[in-house]
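Participant:
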């Protein structure tokens, strides 16, 4: 269809129009909006064609049976630019793999809408700002790896609500304040191989250590 | 006195010099030079210097008296802003009574459009299109009463720019041409546009206007072209537009227009081009439109709406129309047979409707037809062979380049006259119930490039296709009942093959090694056949698969309608990540091999890992044995890998963790053993079922733990357990070291030092003697009692 439309558009007095995305599907629009804001020197996103009926034939996108985006795998792709609120529209997303790139800017709070997210891998980028409290709403989350970025601010204690969390890695950032001790974090800092939660908070020079409940007030904002 | 003379001379000089400087040509020149000095890039303006007369400067035009009248610098590679452009020196242009042209289009100008440009009162043509300019300061705009042509297309204008321009600049009464397309304008199309009574061309598409089409536009009696496509317009089409008696082109495509086509559009007798593609228009197409549009000779597209009703018989009146697209609607009934009267038609698309009945025989009169799309209807039609009673309709369309009759209910045999269509490049008859063998006469002149016959009931072998269609790049015979072998001469006869899909047939024999010599082949699908033997190993010759493809195929079909080349290769179903997907032009990027569900045996060929561009590899459900190649990690672009259902043994190679694009993996039901490698990407493939049916496998994500504490390749190890392992290790080490040290200290001394030894053994003797003495004494005492 796209090719046939090209005939008509070109014929109308050769307008220099870049035909914009007119996909009637929201997830394809969201992903294309993401592509617009990114620099992609390796051409990893070249197959992302917004005129297609859904993004399921785009490389690095995996859909489920109902043609909804379940995985986005862009690890180690030399991509730069910032993440935007459009990611929050991929409501069926389970795996968000954006690790080892040059993403900058903040982690969008809209990621908190991804109720089905199992794995959030944003590690080894240049992300700044603080960890959004909204990430505490990711009730299915098992893996949160935000290590090796430039994140600042405190670790939201709301993250203790993530009852399915198995791995959290916030090491190599610039976080400050205290480490939550509720919920899955309750076994920190016991050094046991049998802890349910694997965690790492290393190399955050201003991180104070675990919250001392009842003794020291939780410092929000540090 | 001398000093006073000098001062006088100097001041007179200064006066003269400044007088010279203010004189008109130099004022304009200096203003232009001053602007050029603010630019970041202006190498094309190197001829601009005071040494040259201004009128010979590149881009400058003058009148007979030598005054600058226009500046034309389109595409001159200028990078910078317009802030310093205006100068009071330009006001002098007003006295000349000549109109001014300012064309700075297609450069890299940034920043705001200076409001001072509106002060050039004789400005007739202002063209700043194709830059990155932003909105001017509206409050300071002056009326531009002599402006005839305004083009600000393809910039970064936003907001209610158009409304403000119309209201702040005296309605632009002389305006004839307005080009504002490709910006971010919002706030609705202003009603005031209807008062610009001289307007001839209105191009404001590709914006975000929203709102309705103002009925006031119907007052523009001189309007020839109305183009507001892709502007988020949502309303009915105002019937007042039927008053546009000069209009010959209307493009309102890609909006959200609702309602039906106003019948009074029939009054627009000059109509030549009407494009209403992709809206939400509904209702029946008024047949009086076709009766009255006698000059409709270019394009009519109603594609992508909700029109209902039958295709009007009045269509046959439009004998001059070249391009007709009624696809993607809900038209019902049959195709009127007088469609054969539209003898100027070059492209006909009535796909994706609910049409029934036969393909009318009169279609054979459309000898100018280059493109015919009739897929996804319910056409029932029996095609007879050329030896049968009638010549099939379509073989008479001698100019046909693209013929698409896919997904209909065509039955019967494939007429062999199809292969005589000299210009036919793409043929798609997939998804019908055609049967019989495919025969091609040896002297056929076909130049077919792309052949799609999938999902039919064809039988026999495909040698005839291969031998006669030498230019084939895409061949899709999937889902038929074809049989025979893949011939070894395929490389010689069809060297241009890019996509070969033979899936779901009954092909047998082994895969000939010559198949792998097709250096353009990037998509090979032989799945679900009866292929046997081992897979040949000469993959290094599949050059197209050795690196990823980033450019779509060169356009191969020339369209005289638009005087361009473009590609239309049809569509192909590919099994990707475990599901069927329909790939269209994006199939050009897919590098994939699928030989699953056959009876192939032997090992996975070692040269397979040369195919560095591979994105999808499926060898599942065969009898493959041996190991998975150790260097499989070389396939850096591999996204979908399925080796399930074989007899593969040995470990999963550690290099698997280097596959950072892998997002779909299935190794189940083999005989693999050992620890499953971990890695940045592998740890996100945490569904245990992808490894099931391999009793020897252990490790994440399976529940079985591995026996040995082998060092995994996981990049993140739990810091705490790692420390603990170290502690235990050092504990054992130090204890045993201490024990060994103590042992050697003691016995080393005994061995090496004689005096020690003597003393030690002496001591033992003494102790022994004392003990024995005591025992004897005790025995004596007890025996004496």
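Protein chains in written order, with my numbering: chain A, 12 to 233; chain B, 3 to 787.
Note that beta-carbon positions come from the ideal geometry of N, C-alpha and C, so glycine has one too.
Computed from a prediction, not measured in an experiment: that's the story for all the values here.
Check distances from the C-beta atoms of the region 41-62 of chain A to those of chain B and list, in chain order, the residues that come in under 8 Å.
Facilitator: Answer in chain order: 54, 57, 58 and 60.
Participant: At a Cβ threshold of 8 Å, is residue 174 (chain A) touching chain B?
Facilitator: Answer no: the Cβ-Cβ gap between residue 174 (chain A) and chain B never drops below 8 Å.
Participant: Nearest to residue 141 (chain B) by CA position, among B:165, B:614 and B:293, is which residue?
Facilitator: If we check each option's Cα against that of residue 141 (chain B), B:165 comes out closest.
Participant: Mind checking who residue 606 (chain B) pairs with in its DSSP beta bridge?
Facilitator: Beta-bridge pairing links residue 606 (chain B) to no other residue.
Participant: In chain order, which continuous runs of the beta strand (DSSP E) of length 3 or greater are located wholly inside the region 477-545 of chain B?
Facilitator: Correct list: 483-487, 501-503, 508-511 and 525-527.
Participant: Report yes or no: do the region 624-644 of chain B and the region 582-592 of chain B share at least 3 C-beta pairs separated by less than 8 Å?
Facilitator: Judged by Cβ distances under 8 Å, the region 624-644 of chain B makes no contact with the region 582-592 of chain B, as fewer than three pairs qualify.
Participant: Which partner residues does residue 356 (chain B) have in the DSSP bridge list?
Facilitator: B:334.
Participant: In chain order, what residues of the region 78-89 of chain A put their CB closer than 7 Å to some CB of chain B?
Facilitator: Here the close residues are 82, 84, 86 and 87.
Participant: So which residues on chain B does residue 5 (chain A) lean against when the C-beta distance must stay under 7 Å?
Facilitator: Residue 5 (chain A) is absent from the model: chain A starts at 12 and stops at 233.
Participant: Note down, one range per segment and in chain order, each beta strand (DSSP E) of at least 3 residues found wholly within the region 602-660 of chain B.
Facilitator: Taking only runs of at least 3 residues, the beta strand (DSSP E) segments lying wholly in the region 602-660 of chain B are 603-605, 618-620, 625-627 and 642-644.
Participant: On the CB-based measure, 16 or more other CB atoms within 10 Å of its CB, does residue 475 (chain B) come out buried or exposed?
Facilitator: Per the 10 Å Cβ criterion, buried.
Participant: Given 7 Å as the limit, tell me if residue 229 (chain B) has its C-beta closer than that to any heavy atom belonging to the ligand COA.
Facilitator: Looking at this structure, you won't find the ligand COA or any other ligand, since it has none at all.
Participant: According to DSSP, is residue 691 (chain B) part of a helix, a strand, or is it coil?
Facilitator: The answer is helix: DSSP assigns residue 691 (chain B) an H, G or I state.
Participant: Using three-state DSSP, classify residue 551 (chain B) as helix, strand or coil.
Facilitator: If DSSP states are grouped into helix, strand and coil, residue 551 (chain B) belongs with coil.
Participant: Determine the burial state of residue 59 (chain B): buried for a count of at least 16 other Cβ atoms within 10 Å of its Cβ, exposed for fewer.
Facilitator: Residue 59 (chain B) should be labelled buried.
Participant: Ignoring anything shorter than 3 residues, give me the beta strand (DSSP E) runs that lie fully in the region 290-347 of chain B, in order along the chain.
Facilitator: The region 290-347 of chain B contains these whole beta strand (DSSP E) runs: 301-303, 308-310 and 325-327.
Participant: Once DSSP output is grouped into helix, strand and coil, what is the label at residue 221 (chain B)?
Facilitator: Of the three classes helix, strand and coil, the one that applies to residue 221 (chain B) here is helix, per DSSP.
Participant: What does the alpha-carbon distance come out to for the pair residue 715 (chain B) and residue 678 (chain B)?
Facilitator: In this prediction, residue 715 (chain B) has a pLDDT of 43, which is less than 50 and means its spatial position is unreliable; what the coordinates show is noted afterwards. Straight-line Cα distance between these residues: approximately 10 Å.
Participant: Out of curiosity, what's the CA-to-CA distance linking residue 43 (chain A) and residue 83 (chain A)?
Facilitator: Whole-angstrom Cα-Cα distance: 13 Å.
Participant: Looking only at DSSP bridge pairs, what is residue 2 (chain B) linked to?
Facilitator: For chain B, the structure presents residues 3 to 787; residue 2 (chain B) sits outside this window and is missing.
Participant: Cβ of residue 96 (chain A) within 8 Å of Cβ of residue 119 (chain A)?
Facilitator: Yes, Cβ-Cβ distance for residue 96 (chain A) and residue 119 (chain A) is below 8 Å.
Participant: Using a cut-off of 7 Å between C-beta atoms, extract the partners of residue 552 (chain B) located in chain A.
Facilitator: Neighbours of residue 552 (chain B) on chain A, chain order: 54 and 57.
Participant: Have a look at the DSSP bridge pairing and note the partners of residue 50 (chain A).
Facilitator: Partner(s): A:91.
Participant: Can you tell me whether DSSP reads residue 57 (chain B) as helix, strand or coil?
Facilitator: Three-state DSSP puts residue 57 (chain B) in a helix.
Participant: Less than 8 Å between the C-beta atoms of residue 279 (chain B) and residue 260 (chain B), yes or no?
Facilitator: The answer is no: Cβ separation not under 8 Å.
Participant: Which one of A:171, A:81, A:165 and A:169 has the shortest CA to CA distance from residue 215 (chain A)?
Facilitator: Minimum Cα distance to residue 215 (chain A) is reached at A:165.
Participant: For residue 608 (chain B), which residues in the same chain have their Cβ closer than 7 Å to its Cβ, ignoring the five residues on either side in sequence?
Facilitator: Correct list, in chain order: 539 and 631.
Participant: Count the other CB atoms within 10 Å of the CB of residue 247 (chain B); is the residue buried (16 or more) or exposed (fewer)?
Facilitator: Label assigned to residue 247 (chain B): exposed.
Participant: Just to confirm, are residue 177 (chain A) and residue 131 (chain A) a CB contact at a threshold of 8 Å?
Facilitator: Result no, Cβ atoms of residue 177 (chain A) and residue 131 (chain A) do not sit closer than 8 Å.
Participant: Which one or two residues does DSSP pair with residue 117 (chain A) in a beta bridge?
Facilitator: Bridge partners of residue 117 (chain A): A:139.
Participant: If you draw a straight line from the alpha carbon of residue 418 (chain B) to that of residue 335 (chain B), how long is it in whole angstroms?
Facilitator: Their backbone Cα atoms lie some 30 Å apart in a straight line.
Participant: Can you give me the C-alpha to C-alpha distance between residue 5 (chain B) and residue 36 (chain B), rounded to a whole angstrom?
Facilitator: Roughly 36 Å between the two C-alpha positions.
Participant: Please report how far the alpha carbon of residue 69 (chain B) lies from the alpha carbon of residue 117 (chain B), in whole angstroms.
Facilitator: Using only the alpha carbons, I get a separation of about 23 Å.
Participant: Looking at chain A, is there any beta carbon in it that lies within less than 8 Å of the beta carbon of residue 663 (chain B)?
Facilitator: Yes, contact with chain A.
Participant: For residue 211 (chain B), which residues in chain A fall below 9 Å Cβ to Cβ?
Facilitator: By Cβ distance, chain A contributes nothing, its closest Cβ being about 14 Å from residue 211 (chain B), past 9 Å.
Participant: Just the Cα atoms here: how many angstroms apart are residue 694 (chain B) and residue 605 (chain B)?
Facilitator: If you take the alpha carbons of residue 694 (chain B) and residue 605 (chain B), they lie about 21 Å apart.
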